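Residue numbers (my numbering): 52 to 229. Where is the CB? At the ideal position from N, CA and C, for every residue including glycine. Just so we're clear, the structure is a prediction, and the values are computed from it rather than from any experiment. Here's the structure we're looking at; comments come further down.
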């Protein structure tokens with residue numbers, strides 16, 4: 052059962068959990084993938100509620116989003132197994148079926164093709180309405196040095212050499228899975 056929520060009544064909770072880590076879930080064909088994120092914004096643009104997520108260029112999640120521009124944001128609400136965030140933040144969906152490995156429970160979404168994750172029940176169903184690759188020249192030198200060191204091989208886990216694409220997702224539904 053899903054209980055619809057008033058999105059902005061939960062802003063404080065969503066933003067606090069985002070700082071610790073939430074799941075960004077994508078789907079292309081039959082392949083569902085969840086990635087831990089801790090960068091994102093919640094707001095209003097074009098008169099619509101928006102969740103903006105930032106995904107690095109070499110991530111499997113980016114390839115999924117470019118093929119199917121829909122995603123769910125799965126946010127802890129109450130007790131949950133913290134290893135979910137650790138695993139989804141250190142393994143690539145191109146090599147591991149995270150849903151199977153973690154025995155996650157997929158809940159069908161009502162407005163998009165990407166499922167929610169029952170174990171992280173506060174859910175935002177989003178459809179991408181705008182995306183933009185970051186312009187390295189528009190990032191301050193301090194943030195470029197801290198977040199995008201160019202002397203690091205971008206092929207290993209945790210690599211941070213490559214820049215992000217911002218995906219602006221219109222929030223079509225917000226609910227808690229009971």
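Item: Beta-carbon within less than 8 Å of residue 61's beta-carbon, same chain only, minus the 5 sequence neighbours each way: which residues are those?; Value: 173, 225
Item: Sort out for me which residues DSSP pairs residue 86 with in a bridge.; Value: 75
Item: So residue 162 packs on residue 152, CB below 8 Å; how close in whole Å?; Value: Wrong, their Cβ atoms sit about 28 Å apart, outside the cutoff.
Item: Taking Cβ positions, are residue 52 and residue 170 nearer each other than 8 Å?; Value: no
Item: How would you write the range of the alpha helix (DSSP H) that residue 136 sits in, first residue to last?; Value: 134–139
Item: May I ask you to report which of helix, strand or coil DSSP gives residue 70?; Value: helix
Item: If you reduce the DSSP assignment to three classes, tell me which class residue 110 lands in.; Value: coil
Item: From residue 78 to residue 119, what does the alpha carbon distance come to, in whole angstroms?; Value: 7 Å
Item: Tell me whether residue 171 sits in a helix, a strand or coil according to DSSP, three-state version.; Value: coil
Item: Just to confirm, are residue 93 and residue 65 a CB contact at a threshold of 8 Å?; Value: yes
Item: To which residues does DSSP link residue 116 through a beta bridge?; Value: In DSSP, residue 116 forms no bridge with anything.
Item: Residue 218: which of 54, 75, 63, 192 sits nearest, CA to CA?; Value: 75
Item: If you follow the alpha helix (DSSP H) that residue 159 is in, where does it begin and where does it stop?; Value: First-last for residue 159: undefined, no H or E at that position.
Item: Leaving out five residues before and five after residue 100 in sequence, what residues of the same chain have Cβ atoms less than 6 Å from its Cβ?; Value: 58, 222
Item: Please classify residue 61: does DSSP put it in a helix, a strand, or coil?; Value: helix
Item: Measuring alpha carbon to alpha carbon, tell me which of 180, 215, 165 ends up nearest residue 195.; Value: 215
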